[in-house]
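J.: For the sequence shown, the residue numbers in our numbering are 78 to 361.
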Amino acid sequence: MACPTDRTMQSLAAAPTYALVIFAAIVVLLEVGRRIGERQLSLDPVGARTGIGAIEGAVFGLLALLIAFTFSGAASRLDDRRTLITEEVNAIGTAWLRLDLLPPANQPALRQLMRDYVDARIAFYQGLTDKQTAAQENARAMAAQLNIWKQTVAAVQQMPSPPLGISVLQALNEMIDITTTRSVALKTHPPLIIYLMLLALMLVSALLIGFGMAGSARRNWLHGTGYALVMVSVMYVILDFEFPRLGIIRVDQFDQIMLNQRKSMDEANAIIPTLIEPSLYRNI
78 MACPTDRTMQ SLAAAPTYAL VIFAAIVVLL EVGRRIGERQ LSLDPVGART GIGAIEGAVF
138 GLLALLIAFT FSGAASRLDD RRTLITEEVN AIGTAWLRLD LLPPANQPAL RQLMRDYVDA
198 RIAFYQGLTD KQTAAQENAR AMAAQLNIWK QTVAAVQQMP SPPLGISVLQ ALNEMIDITT
258 TRSVALKTHP PLIIYLMLLA LMLVSALLIG FGMAGSARRN WLHGTGYALV MVSVMYVILD
318 FEFPRLGIIR VDQFDQIMLN QRKSMDEANA IIPTLIEPSL YRNI
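1) With a 10 Å radius around its C-beta and 16 neighbouring C-beta atoms as the bar for buried, classify Val245 as buried or exposed.
2) Should Gly101 be labelled buried (16 or more other beta-carbon atoms within 10 Å of its own) or exposed?
3) Going by alpha carbons, who is nearest to Ser341 out of Leu139, Thr94, Arg188, Leu269?
4) For my contact list, Ile144 and Leu275 are in at a C-beta cut-off of 8 Å; report their separation, rounded to the angstrom.
5) Between Gly110 and Ala283, how many whole angstroms is the CB-CB distance? I'm expecting something under 8 Å.
6) Return helix, strand or coil for Gly303, following the three-state DSSP convention.
7) Are the beta-carbon atoms of Leu190 and Ala231 separated by less than 8 Å?
8) Determine the direct distance from the alpha carbon of Met252 to that of Phe320, and round the result to whole angstroms.
9) Look at Ala197 and Arg217 and say whether their C-beta atoms are less than 8 Å apart.
10) I think Ala172 touches Ala248, with their Cβ atoms under 8 Å apart; what is that distance to the nearest whole Å?
11) Shorter than 8 Å from the beta carbon of Val195 to some beta carbon of chain D?
12) Could you tell me which of Ile255, Ala211, Gly289, Ala182 sits nearest to Thr163, measuring between CA atoms?
13) Met233 and Gln338: beta carbons closer than 8 Å?
14) Using the C-alpha atoms, what's the distance from Asn215 back to Met290?
15) Answer yes or no: do Ala212 and Leu205 have a C-beta to C-beta separation smaller than 8 Å?
16) Alpha carbon to alpha carbon, what distance is there between Leu155 and Val314?
17) Rounded to a whole number of angstroms, what is the C-alpha to C-alpha distance between Asp329 and Ser149?
18) Thr147 lies in the alpha helix (DSSP H); which residues open and close that run?
19) Considering Cα atoms alone, identify which of Gly242, Pro237, Ser238 is closest to Trp226.
20) When the Cα of Lys264 is compared with those of Ile326, Ala151, Gly301, Val309, which residue comes out closest?
21) Between Gly130 and Phe288, is the Cβ-Cβ spacing less than 8 Å?
22) I believe Gly318 touches Ile325 by the beta-carbon criterion, under 8 Å. Please report the beta-carbon distance rounded to the nearest angstrom.
23) Taking Arg192 as the reference, which of Leu178, Tyr202, Gly170 has the closest Cα?
24) Report all residues from its chain with a CB closer than 7 Å to the CB of Glu108; omit the five preceding and five following residues, and keep chain order.
25) Roughly how many angstroms lie between the CA atoms of Ala377 and Pro267, to the nearest whole one?
26) Can you tell me where the alpha helix (DSSP H) holding Asp196 begins and where it ends?
27) Look at the Cβ atom of Val309, then the Cβ atom of Ala96, and state whether they are nearer than 8 Å.
28) Quick check: the Cα distance between Ile103 and Val281, rounded to an integer number of angstroms?
29) Considering Gly287, what are the terminal residues of the alpha helix (DSSP H) in which it resides?
30) Suppose the cutoff is 7 Å on Cβ atoms and the five residues either side in sequence are ignored; what does the same chain contact list for Pro240 look like?
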């Protein structure tokens with residue numbers, strides 16, 4: 078599955094509707110399986126259930142294994158995305174500090190470009206639910222990246238000892254590289270066939286459970302609806318892990334780290350005059 082697009086957004090926005098449809102389908106298949114089982118029992122009371130245990134064991138085992146791997150993978154990818162947010166903020170912070178190594182005349186313009194770049198990155202992730210906004214902010218961030226790199230290279234070439242500026246270029250390179258890593262992480266999801274297979278196994282298992290419930294005098298709606306609710310909830314949580322900016326499980330709180338970094342840039346700029354004023358007074 079790709080990075081959120083209009084089609085993906087519409088699908089995820091309709092997730093509650095899909096959940097209700099799947100819930101209803103599981104309940105219906107439970108009843109269908111029960112009726113098939115009752116018919117088989119009426120035709121062959123002794124052999125109707127022969128060999129069913131092995132089939133049920135295989136299907137339920139495969140279902141449990143697929144849920145475990147899918148859930149574990151989604152949770153792992155969520156943790157990776159959170160870690161990458163921290164790594165990008167660290168890279169931006171390092172690059173911001175190393176601008177001090179450049180000639181003073183070049184620093185103001187570069188610092189303003191850095192602020193604009195961080196603003197664009199914040200707006201990009203906050204606007205992922207809107208494809209057009211995300212594309213515009215991503216283009217703005219890429220343009221700022223290019224300008225920062227070009228102006229830094231020019232500043233390093235003007236330095237009396239250019240090797241001192243190498244660490245600045247290295248920090249900027251890491252800041253740029255992490256954007257590619259986060260972009261890949263944003264697009265990394267299991268293939269659609271995995272979710273379709275998981276859904277198919279849920280429906281088949283519902284049919285088998287209904288078949289196994291045949292023969293009872295009364296329908297056990299509590300167990301049937303409980304099973305349907307659990308399966309739908311598991312599927313919903315897995316998708317929530319995969320798209321943590323669209324559902325209940327979110328990484329928005331980790332964006333506060335980036336916001337704090339952006340705030341510190343303004344505070345650092347405001348501190349400079351207060352540091353200079355005492356020397357001015359002494360000179361007077």
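We treat Cβ as the ideally placed atom computed from N, Cα and C, and that holds for glycine.
T.: Well, looking at it:
1) Counted from its first residue, the sequence shown places residue 245 at position 168. By the 10 Å Cβ count, Val245 comes out buried.
2) On the sequence shown, position 24 is the one that residue 101 refers to. First, the residue type needs correcting, since residue 101 is Ala and not Gly in the sequence shown. It is exposed - the Cβ of Ala101 has fewer than 16 other Cβ atoms within 10 Å.
3) Taking the sequence shown and counting its residues from 1, the one referred to as residue 341 is at position 264. Closest by alpha carbon: Arg188.
4) Numbered from its first residue, the sequence shown carries residue 144 at position 67. Numbered from its first residue, the sequence shown carries residue 275 at position 198. Ile144 to Leu275, Cβ: 7 Å. Contact.
5) On the sequence shown, position 33 is the one that residue 110 refers to. On the sequence shown, position 206 is the one that residue 283 refers to. About 7 Å; that satisfies the 8 Å criterion.
6) To locate residue 303, count along the sequence shown from 1; it is residue 226. In this structure, Gly303 counts as helix in the three-state DSSP scheme.
7) Looking up residue 190 in the sequence shown gives position 113. Looking up residue 231 in the sequence shown gives position 154. Contact: no.
8) Within the sequence shown, the letter at position 243 stands for residue 320. Within the sequence shown, the letter at position 175 stands for residue 252. For Phe320 and Met252, the distance between alpha carbons rounds to 24 Å.
9) Counted from its first residue, the sequence shown places residue 197 at position 120. Counted from its first residue, the sequence shown places residue 217 at position 140. Contact flag set, yes.
10) Position 95 of the sequence shown, counting from 1, holds the residue named residue 172. Position 171 of the sequence shown, counting from 1, holds the residue named residue 248. 4 Å between Cβ atoms; contact.
11) No chain D is present in this structure, which holds just one protein chain.
12) As a first step, residue 163 is located in the sequence shown; it is residue number 86 there, counting from the start. Minimum Cα distance to Thr163 is reached at Ile255.
13) For the purposes of this step, residue 233 is identified with residue 156 of the sequence shown, where counting begins at 1. For the purposes of this step, residue 338 is identified with residue 261 of the sequence shown, where counting begins at 1. Here the sequence assigns Val to residue 233, which means Met is not the residue at that position. No; because the gap between Cβ atoms is not below 8 Å, this pair is not in contact.
14) The residue labelled residue 290 in the question sits at position 213 within the sequence shown. The residue labelled residue 215 in the question sits at position 138 within the sequence shown. Computed Cα separation, rounded: 55 Å.
15) Stepping through the sequence shown from its first residue, residue 212 is reached at position 135. Stepping through the sequence shown from its first residue, residue 205 is reached at position 128. Result no, Cβ atoms of Ala212 and Leu205 do not sit closer than 8 Å.
16) Within the sequence shown, numbered from 1, the residue matching residue 314 stands at position 237. Within the sequence shown, numbered from 1, the residue matching residue 155 stands at position 78. Spanning the two alpha carbons is a distance of roughly 12 Å.
17) Indexing the sequence shown from 1 puts residue 329 at position 252. Indexing the sequence shown from 1 puts residue 149 at position 72. The straight-line gap from Cα to Cα measures roughly 21 Å.
18) Start at 1 with the first residue of the sequence shown, and residue 147 comes out as number 70. Here the alpha helix (DSSP H) through Thr147 covers 129-175.
19) Locating residue 226 in the sequence shown gives position 149, counting from the first residue. The residue with the shortest Cα to Cα distance from Trp226 is Gly242.
20) As a position in the sequence shown, residue 264 is number 187, starting the count at 1. Taking only the C-alpha atoms, the option nearest Lys264 is Ala151.
21) Mapped onto the sequence shown, residue 130 falls at position 53. Mapped onto the sequence shown, residue 288 falls at position 211. Cβ distance not < 8 Å, so Gly130 and Phe288 don't count as in contact.
22) Translated into positions along the sequence shown, residue 318 becomes position 241. Translated into positions along the sequence shown, residue 325 becomes position 248. The residue asked about is misnamed: residue 318 is Phe in this sequence, not Gly. Not quite, the Cβ-Cβ distance comes to about 10 Å (not below 8 Å), so this is no contact.
23) Residue mapping note: residue 192 aligns to position 115 of the sequence shown, counting from 1. Distances from the CA of Arg192 to each of Leu178, Tyr202, Gly170 were compared; the closest alpha carbon is that of Gly170.
24) Against the sequence shown, residue 108 aligns to sequence position 31. Here the set comprises Gly287.
25) Beyond the ends of the chain as shown, which are 78 and 361, falls residue 377; an answer cannot be given.
26) Within the sequence shown, residue 196 is the residue found at index 119, counting from 1. For Asp196, the enclosing alpha helix (DSSP H) stretches over residues 184-203.
27) On the sequence shown, position 232 is the one that residue 309 refers to. On the sequence shown, position 19 is the one that residue 96 refers to. Yes. Within cutoff.
28) Indexing the sequence shown from 1 puts residue 103 at position 26. Indexing the sequence shown from 1 puts residue 281 at position 204. So the two alpha carbons sit approximately 9 Å from each other.
29) Counting from one through the sequence shown, the residue named residue 287 turns up at place 210. That run of the alpha helix (DSSP H) goes 269-289.
30) Position 163 of the sequence shown, counted from the first residue, corresponds to residue 240. So no residue of the chain qualifies.
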